[in-house]
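In this note's numbering, the protein residues as written are 6 to 305.
Every residue, glycine too, gets a C-beta built ideally from N, C-alpha and C.
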Amino acid sequence: MTTPLEPNRETRSEQRAALVTPSYAGDFERCRLLCRTVDRHISGADHHYILVSGADVARFRDLEGPRRSIVDERDILPPWLHDLPDPLSLFRRRVWFSARIPPLRGWHVQQLRRIAIAQHVSEQVLVYCDSDVVFLKPFDLTSFRRDGNLRLYRRDGALQREGGEHLEWFANAGKVLGLPEILPAPNDYISTVIAWSRDTVLAMLRHIEAGRGGDWVTAIARRRRFSECLIYGRYVDEVVQGAGHFNDDTPLCRVYWSGPELGAEGLEKLAASMTPEQVAIGIQSFTGTDLDTVRRFAGV
């Protein structure tokens, strides 16, 4: 067990921002590459929090520094949630057990960590990016704020056009938040390199616990099919009517979700396809793209 995470000084202004990255052992080298590109290209970040399982803390300590901390999930999630090696994956992955909720996989718990960190830090702007992101251009996190409001990534009605399991995630977000069963046009709020307001997250958790009559982790995780981005987005738009936010549908990261392995030429083409607003690429590990090739391309 690590020392409990100490909140930053409360004297920090609401303009202060932190990067937040959930990760795991299988993505360690990708996370190291992310950190190198963050250090080269990112400004306006007071700190970078990397959120990992207790079993992965020791490995990730190598990435710590004056402005980067490794956060043990046991310091931010309830003590009744326990992870163990998963026999169904021949013990290569982990599974989280509790008497209160069904078993959870790593992608579930990474989402819970993203939400929970707001209760343990005092930076008011939390910018989330995955550990497979590589920043290629200078980017100032203060750009998420405009006239005192925070940018909310939202693609209007996108989930209705695209269908799939995200529609179920959207519906479950409404159930967690106690919204009417009649669904509005299902907007998409899911992306990487997005910003949340810490105060809004805390208010959202109070709202969930007041409406569900229990802790927020149980309320969210018991459904298993959920998205933290959809919960936050629907809370902002439908519970507090957009207060403190403005909408923007421009993704800041060009993500390569699937397809064949990318070589140097493929990476060049991917970068060339970035819009002027995009500052990073994200390459999913299951595409098999060689990490050393990505490092050389990023120049770090």
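Would you mind giving the Cβ-Cβ distance between residue 130 and residue 285, rounded to the nearest angstrom? I have them listed as a contact below 8 Å. Wrong, their Cβ atoms sit about 17 Å apart, outside the cutoff.
If you follow the alpha helix (DSSP H) that residue 235 is part of, which residue opens it and which one closes it? Counting along the chain, residue 235 sits inside the alpha helix (DSSP H) bounded by residues 233-239.
Simplified DSSP state of residue 286, which is helix, strand or coil: In this structure, residue 286 counts as strand in the three-state DSSP scheme.
Where residue 291 falls, given that 16 or more other Cβ within 10 Å makes a residue buried: A residue is called buried when at least 16 other Cβ atoms come within 10 angstroms of its Cβ; residue 291 does not meet this threshold and is exposed.
Tell me residue 52's beta-bridge partners as DSSP assigns them. BP columns for residue 52 point to 23.
Just mark residue 233 as buried or exposed, buried being the case when its beta carbon has 16 or more other beta carbons within 10 Å. Flag for residue 233 reads buried.
Consult DSSP for residue 75 and reduce its assignment to one of helix, strand or coil. Strand at residue 75.
Limits of the alpha helix (DSSP H) - the one that residue 269 falls within: Following the DSSP letters along the chain, one finds residue 269 inside the alpha helix (DSSP H) bounded by residues 269-277.
Along the chain, where does the alpha helix (DSSP H) containing residue 125 start, and where does it finish? Residue 125 -> no alpha helix (DSSP H), and no H or E assigned at all.
Would DSSP call residue 92 helix, strand or coil? Here residue 92 sits in helix by DSSP.
Taking the straight line between their C-alpha atoms, what separation do you get for residue 269 and residue 46? Approximately 21 Å, taken between the alpha carbons.
Which residues in the same chain as residue 165 place their Cβ atom closer than 7 Å to its Cβ, once the five residues preceding and following it in sequence are excluded? So the qualifying residues of the chain are 190, 191.
Between the alpha carbons of residue 78 and residue 210, how many angstroms are there, rounded? For residue 78 and residue 210, the distance between alpha carbons rounds to 18 Å.
Could you tell me if residue 137 is buried or exposed, where buried requires 16 or more neighbouring beta carbons within 10 angstroms of its beta carbon? It counts as buried.
Smallest Cα separation from residue 146: which of 184, 202, 66, 235? Among 184, 202, 66, 235, the Cα nearest to that of residue 146 is on 202.
Given this structure, state the Cα-to-Cα distance separating residue 252 from residue 282, to the nearest angstrom. If you take the alpha carbons of residue 252 and residue 282, they lie about 15 Å apart.
Could you name the residues that DSSP lists as bridge partners for residue 131? Bridge pairing for residue 131: 23, 201 [DSSP].
What residue from 126, 274, 160 has the CA that sits closest to residue 56's CA? If we check each option's Cα against that of residue 56, 126 comes out closest.
Going by C-alpha to C-alpha distance, which of 20, 297, 288 sits closest to residue 151? Here the closest residue by C-alpha is 20.
Is it the case that the Cβ atoms of residue 303 and residue 141 are separated by a distance below 8 Å? Residue 303 places its beta carbon less than 8 Å from that of residue 141.
In this structure, does DSSP put residue 245 in helix, strand or coil? Reduced to three states, the DSSP call for residue 245 is coil.
According to DSSP, is residue 221 part of a helix, a strand, or is it coil? In the three-state scheme derived from DSSP, where H, G and I count as helix and E and B as strand, residue 221 is classed as helix.
Would you list the residues sitting across from residue 258 in a DSSP beta bridge? Beta-bridge pairing by DSSP links residue 258 to 285.
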